Each structure stands twice: as C-alpha cells, then as structure tokens.
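Novice: The opening position of the sequence shown corresponds to residue 78 in the working numbering, with each subsequent residue numbered one higher. Mind looking over this structure? Questions follow.
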Amino acid sequence: MRSQRHIINKQIIEIQLSQKGDTFAMQQKLSKLYQDQLVPVLDAQLDTYCEYDQEKHYQMDRLTIDLGKVNLEDMSKLFNEKLKEVLSGMDAGNDLHSNELEEFKEGKLPKKTPLKAVSYYLQTGRLPWWADQHTKSYVLEQLDQLLAHPDPTFKKLLSELTSNSVYIDRFIGICTSTQLEQSLQILANYSVKDVLKTKEELIAKINQTSHQNKLRSNNAKITKTFWITAFEQVSRVENYQSLKEHCIQKIVATLDIHTNNTKNTNNDVSVIRTLTTGYKKQYPTDKTWQYVFEKLSGVVNHAAFYQLSNAIHKELRQLLEIVKGGDKTKNQAYLNRLEVVLKQLQSTTRSTVIEKQQSQFEDTDFISIENAGLLLLWPFLPRFFENLGLMEDKTFIDENAKHKAAFALQYLCDADEFELFEGVLPLNKVLCGVSIEEPLNLTLLSEEEKEIANGLLLAVIKQGPHWKNLSVEGLRASYLCRKGSLRIQDSHWLLQVQKETHDITLQKLPWSCSTIKLPWMKRPMMVEWL
Numbered sequence: 078m079r080s081q082r083h084i085i086n087k088q089i090i091e092i093q094l095s096q097k098g099d100t101f102a103m104q105q106k107l108s109k110l111y112q113d114q115l116v117p118v119l120d121a122q123l124d125t126y127c128e129y130d131q132e133k134h135y136q137m138d139r140l141t142i143d144l145g146k147v148n149l150e151d152m153s154k155l156f157n158e159k160l161k162e163v164l165s166g167m168d169a170g171n172d173l174h175s176n177e178l179e180e181f182k183e184g185k186l187p188k189k190t191p192l193k194a195v196s197y198y199l200q201t202g203r204l205p206w207w208a209d210q211h212t213k214s215y216v217l218e219q220l221d222q223l224l225a226h227p228d229p230t231f232k233k234l235l236s237e238l239t240s241n242s243v244y245i246d247r248f249i250g251i252c253t254s255t256q257l258e259q260s261l262q263i264l265a266n267y268s269v270k271d272v273l274k275t276k277e278e279l280i281a282k283i284n285q286t287s288h289q290n291k292l293r294s295n296n297a298k299i300t301k302t303f304w305i306t307a308f309e310q311v312s313r314v315e316n317y318q319s320l321k322e323h324c325i326q327k328i329v330a331t332l333d334i335h336t337n338n339t340k341n342t343n344n345d346v347s348v349i350r351t352l353t354t355g356y357k358k359q360y361p362t363d364k365t366w367q368y369v370f371e372k373l374s375g376v377v378n379h380a381a382f383y384q385l386s387n388a389i390h391k392e393l394r395q396l397l398e399i400v401k402g403g404d405k406t407k408n409q410a411y412l413n414r415l416e417v418v419l420k421q422l423q424s425t426t427r428s429t430v431i432e433k434q435q436s437q438f439e440d441t442d443f444i445s446i447e448n449a450g451l452l453l454l455w456p457f458l459p460r461f462f463e464n465l466g467l468m469e470d471k472t473f474i475d476e477n478a479k480h481k482a483a484f485a486l487q488y489l490c491d492a493d494e495f496e497l498f499e500g501v502l503p504l505n506k507v508l509c510g511v512s513i514e515e516p517l518n519l520t521l522l523s524e525e526e527k528e529i530a531n532g533l534l535l536a537v538i539k540q541g542p543h544w545k546n547l548s549v550e551g552l553r554a555s556y557l558c559r560k561g562s563l564r565i566q567d568s569h570w571l572l573q574v575q576k577e578t579h580d581i582t583l584q585k586l587p588w589s590c591s592t593i594k595l596p597w598m599k600r601p602m603m604v605e606w607l
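Following this line, the structure appears as structure tokens:
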C-alpha cells in the first residue's frame, strides 16, 4: 500500500519532569525522538485508519493524546498504543473538522477542498498550509475541478467576486482566459462564447486608433477592466450585445478616451476606493486613523457599497477629498464624521462565500515558502533594485516599484514565468517592504531586466569560495529554491530554512546570513537553519 501524505500544522509536546534537570538537553532529546520515532508512528497509524485514495482529503482540527507517566525509552511504544486507541474511538468522540464524521467516512470532504483552497488564495494571496502543492498549477487544477462540476456555492462565489476589488483582481490574475470565459458562462443566461474574440478585437482596435507607444503599456489595464466589467454586468444585462457595450463603455471611460458615442462618466466608487487605500498608509502609528480606514476599506470594497445610492457615494467622496487637503489636526473632526458614516455603512455589508469558507483549521502562525534561499542575496539587493530603475538613494521610487521588485526577486530563483503568481511571493514581499496582505498584480521583466538579474546571480557565484563550478541554474536549484517557513516572532520576522548537507559551503561566504535588515524593511528578519 502506498503511503498517504499527512501534513501537521502544529504539534505541541508538553511534559512535567519528576525532578530538576537540564531542560535544554531534554528538549533536544524530545525533538529528536519526535522526528525519528513519533512521526513514523503517526504516518503508519493514519495510513491504516484512512483508506488510501488520492481523491480524498481528510481534516482533523485537533488530536490530543495523554500518555500519563512514562519513561523516555517507552514513549514511542506507548504513543503508538494510545494513538491507535484514540483513532479507534473517534466514532464516539466525533473529533473531525466541523463534526463531519459521516462525510469523513464516506469521502465527501474532498469535494469541498478545491473551493476552500481557491477561497483561501483569493482572500490571502497564499495557499493554505495543507495544500498538496504551493504552485500556480495547483490553483489552476482546483479551478478546473470547480468549473467542471459547478455547484450552487461555487456559482455564488463567482457572483460575489466583484464585492471586493482584491478578490476579483486575484481571480482575474490567476485564471486562464478559458477559465474566465467558463466562469462568466456559469453566471450568464445567454451565450458568451464570443467574449474572448470581443476582448482581442477591442484591444486591437484601441491600439490602431490611439498612440501606439502609450497603449502598448495599457493592454494589461484594458484586459483587467474588460473582465471586471464583464463579471459586474453579466447577471444584470439581458443579452451578450448589452454586455459587450458595457465593457466597451467602461474601458473607454477608464482610459479617458472620448468619442461621439460614449461618455466619460464619473466613477465615485472607484475614487473612494483609491483614496481609502492611500489613506491606510498614512500615519501608521495613529491608532484611530488606522482603525477608521481599515474598517472603511472593508466596507467600500463590498458589493453592497457599490449598490448604495449616488448621494451616499458623493457625500463620502467629498468627505474623503476634504481629508486629503487638510492637516492631521483638522482631520480629527472629519475622522469623527467618517466613523459615523462607517457605522451606517457597516450594516449594509455581509460575509461572502469566500469568507465563510475559512475556518480555524486554516489558521496557522507560519507561512510555508519555497524560495527561502533568497535571503542569501540580501547584500546585493540595493544595487540590484537601483540597476532596475526601481530605487534611488536606497528608497523605492513608488509603490509600483516595490511590487515589481517582488517579482524581480522571484525571477532570481525561478525563471519559469508560467508558475509566477502572488502565492509564491510572501518572502519577496517582506524583503521589499510590502505588506504580506497587499495584493500584487503580475509584472514580468523585460529581456534587458532579465540580463541585469542574471548578471547579479553571476556576481553572487563569484563571491562564493566553493562556487567556482556552480552555474546560475545550479545556484537556483541548490540554494535559492529552498523550502522554509516564515512567521512573526516578537518584533521581528523569523525565517526557518530547511538545511541541506551542501550548506557547509555557506560558512565561507563573506557576508552573514543570520540577520537581515534592509533600510526599507518594516522589521528585521532572523534566520534559523533547521
């Protein structure tokens, strides 16, 4: 029988010693015992308890085992007996996630797994800790499963995507064109088979009738606006022609293109969302300011807010624009007014399918990463970002430069652009001073920028005394693409890196890799090799 794959979020071993002793030495013994003996016992017992099936996905919130009084030498044997006893008694204890014991036994839980994985990604920009893989391909596979057999819950998720700009941005960013068309068709009462053709024709027409250089850089914006509008309007209009007209009008308005047949309408909601996002970054130490705009951000990104009256939109926009022009002292009065408006608006919002999919089972205090070796490059990053034109005097020129820097770091450890997506960038965000929660739109490097990146890797190799025969791909595979975990500990980041035997060469590097603090990082990073 082939072994299953069991993933443990967190394990806690609590002991009480009969007498005083060297607690550190005992901790080391227990750690080794856990890895060498208890983990194999867990795997064997769970393999036996759960009938192996690649399509099944079982979840347990918690498993508690009390060994009572035990000698260290007998712990493995007793653990095996107690674990078997606990698993056998789970029918009575009903310990499974969400008390879904019957579904657990019948193998029904896996049907919910793709929805949970996709929902988690849309909400956080990452994959849950229990995901089989942390790749773009994995997300696309989950979406294919949902699209092949769309149930009412998934259809509701699709209908609610535009309720939050982050959700729709991430959905459009991760999906293939075919998946976007299929998703749109699920929501439509009419055929949308020509939607991809319409999009391409629209882009081509705009490129022909406008300044070529300017619109080359706007094609991504046109595509994004097209899909957002399509998802917003698909259930509101009666036929495909109406949907097409709405998409064209929205793109014309967004790009500020005026013709005899269209009007550049004022979009209060868009302005409100932009202002709110900008205000969140001001006065980071002002708790009242941060509270108001954190809450306001959640409200204005909900569909219910979009559906409110124009009068409410205009009032809030005017209030935000007044705040924009005032100083912090005068703004306190406007913050008080915003709090009143916020309380009125919060009653209009509701939880979406995406938010309801999350449970305590997904909670964890760490983030799994696949590119922990990026830490080795930290001394070279200021010059690298300057060479890319993203930084001046060790300061990023703007927020977009930070975002591009995060994607540039990923190219350093993986040149495969197909697998490039936000889910692999948590460490990149930290190294570039970007908030972990902040969404990133896909940005690819030009050929010239790739040459700069390759030059950096060659320069790093030359600095390693034992790397003379190492190629760029060898550096990526052996050192940069390394599993690890990232978490906040006290006032710093803790990066734990999976250690390999050839890491002995790192001891000869002419720079330290135990602590990282770049000028733009919000908190320092401590590094442990495990």
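By construction, the Cβ of each residue, glycine as well, lies at the ideal position given by its N, Cα and C atoms. All values derive from a computational prediction rather than experimental measurement.
#1: Which residues share a DSSP beta bridge with Ser562?
#2: Since Phe303 contacts Ile328 with CB under 8 Å, what's their CB separation in whole angstroms?
#3: Give me the Cα-Cα distance between Cys324 and Ala330, rounded to the nearest whole angstrom.
#4: For Gln584, tell me which candidate among Gln200, Leu595, Trp606 has the shortest Cα-Cα distance.
#5: In whole angstroms, give me the CA-to-CA distance for Lys358 and Leu155.
#6: Tell whether a beta-carbon distance below 8 Å holds between Trp570 and Val507.
#7: Buried or exposed for Val417, please, with buried defined as at least 16 other CB atoms from any protein chain shown within 10 angstroms of its CB.
#8: Given a cut-off of 8 Å on the beta-carbon distance, is the pair Glu526 and Ala483 in contact?
#9: Is Gln259 near Leu217, with beta carbons less than 8 Å apart?
#10: Under 8 Å between the Cβ atoms of Arg559 and Phe443?
#11: Determine which residues share a DSSP beta bridge with Met103 and list them.
#12: Less than 8 Å between the C-beta atoms of Glu528 and Pro516, yes or no?
#13: Using 8 Å for Cβ pairs, my map puts Ile305 next to Ile249. What's the rounded Cβ distance?
#14: Taking Leu552 and Ile538 to be in contact with their CB atoms under 8 Å, please state how far apart those CB atoms are, rounded to whole angstroms.
#15: The alpha helix (DSSP H) spanning Trp43 covers which residue range?
#16: Counting pairs of beta carbons, one from the region 469-480 and one from the region 583-597, are three or more of them closer than 8 Å?
#17: In this structure, does DSSP put Met598 in helix, strand or coil?
#18: Can you find the residues in the same chain that come closer than 8 Å, C-beta to C-beta, to Ala536, ignoring five residues on each side of it along the sequence?
#19: Short check: CB of Cys478 to CB of Leu489, under 8 Å?
#20: I'd like to know whether the C-beta atoms of Ile431 and Tyr244 end up nearer to each other than 8 Å.
#21: Since Tyr197 is in the alpha helix (DSSP H), which residue starts that stretch and which ends it?
#22: Closest to Gln222 by CA distance: which of Cys252, Glu322, Asn284 is it?
#23: If you compare alpha carbons, which of Glu150, Asp124, Gly145, Gln88 is closest to Lys106?
#24: Give the secondary structure of Ile85 by DSSP, where H, G and I count as helix, E and B as strand, and everything else as coil.
#25: Can you tell me the Cα-Cα spacing of Thr520 and Leu115, whole angstroms?
#26: Among residues of its own chain, excluding the 5 on either side of Leu465, which ones have a beta-carbon nearer than 7 Å to its beta-carbon?
#27: So what does Ile619 bridge to, in DSSP terms?
#28: Please list, in chain order, all residues of the same chain as Ser568 whose beta carbon is under 7 Å from its beta carbon, the five residues on each side excluded.
#29: I'd like to confirm the pairing. Which residues does DSSP put opposite Met152 in its beta bridges?
#30: Please classify Met103: is it buried, with 16 or more other beta-carbons within 10 angstroms of its beta-carbon, or exposed?
#31: Given that a residue counts as buried once 16 or more other Cβ atoms are within 10 Å of its Cβ, and exposed if not, what is Asp246?
Specialist: Considering the structure as presented:
#1: Looking at the DSSP assignment, Ser562 forms a beta bridge with Ser445, Gln573.
#2: Between Ile328 and Phe303 the Cβ distance is about 6 Å, and since that is below 8 Å, they are a contact.
#3: So the alpha carbons of these two residues sit roughly 10 Å apart.
#4: With distances taken between Cα atoms, Gln584 lies closest to Trp606.
#5: Distance between the alpha carbons of Lys358 and Leu155: 54 Å.
#6: Yes, the Cβ-Cβ distance between Trp570 and Val507 is below 8 Å.
#7: By the neighbour-count rule (16 or more Cβ atoms within 10 Å), Val417 is not buried but exposed.
#8: No, these two residues do not count as a Cβ contact at 8 Å.
#9: The answer is no: Cβ separation not under 8 Å.
#10: By the CB criterion at 8 Å, Arg559 and Phe443 fall outside the cutoff.
#11: Partner(s): none; Met103 has no beta bridge.
#12: Not a contact, by the Cβ cut-off of 8 Å.
#13: The beta carbons of Ile305 and Ile249 sit about 7 Å from each other, so the pair counts as a contact at 8 Å.
#14: Correct: roughly 6 Å between the Cβ atoms.
#15: Within the shown structure, residues of the chain are numbered from 78 to 607, placing residue 43 beyond reach of any answer.
#16: Taking a cut-off of 8 Å on C-beta distances, the region 469-480 touches the region 583-597, as three or more cross pairs fall below it.
#17: Coil.
#18: Counting only Cβ-Cβ distances below 8 Å, and skipping sequence neighbours, we find Phe457.
#19: Looking at the sequence provided, one finds Ala at residue 478 rather than Cys. It is not a contact, given that the beta carbons lie outside the stated cut-off.
#20: Taking 8 Å as the Cβ cut-off, Ile431 and Tyr244 qualify as a contacting pair.
#21: First-last of the alpha helix (DSSP H) with Tyr197: 190-201.
#22: The shortest Cα separation from Gln222 among Cys252, Glu322, Asn284 belongs to Cys252.
#23: Closest by alpha carbon: Glu150.
#24: Ile85 falls in the coil class under three-state DSSP.
#25: It is roughly 44 Å from the alpha-carbon of Thr520 to the alpha-carbon of Leu115.
#26: For Leu465, where only same-chain residues beyond five positions count, the Cβ hits under 7 Å are Ala485, Glu526, Ile529.
#27: Any answer about residue 619 is impossible in this case: the structure gives the chain only from 78 up to 607.
#28: Correct list, in chain order: Arg600.
#29: The partner list for Met152 (beta bridge, DSSP) is empty, contrary to what the question assumes.
#30: With fewer than 16 neighbouring CB atoms inside 10 Å of its own CB, Met103 falls in the exposed class.
#31: Buried is the call here.
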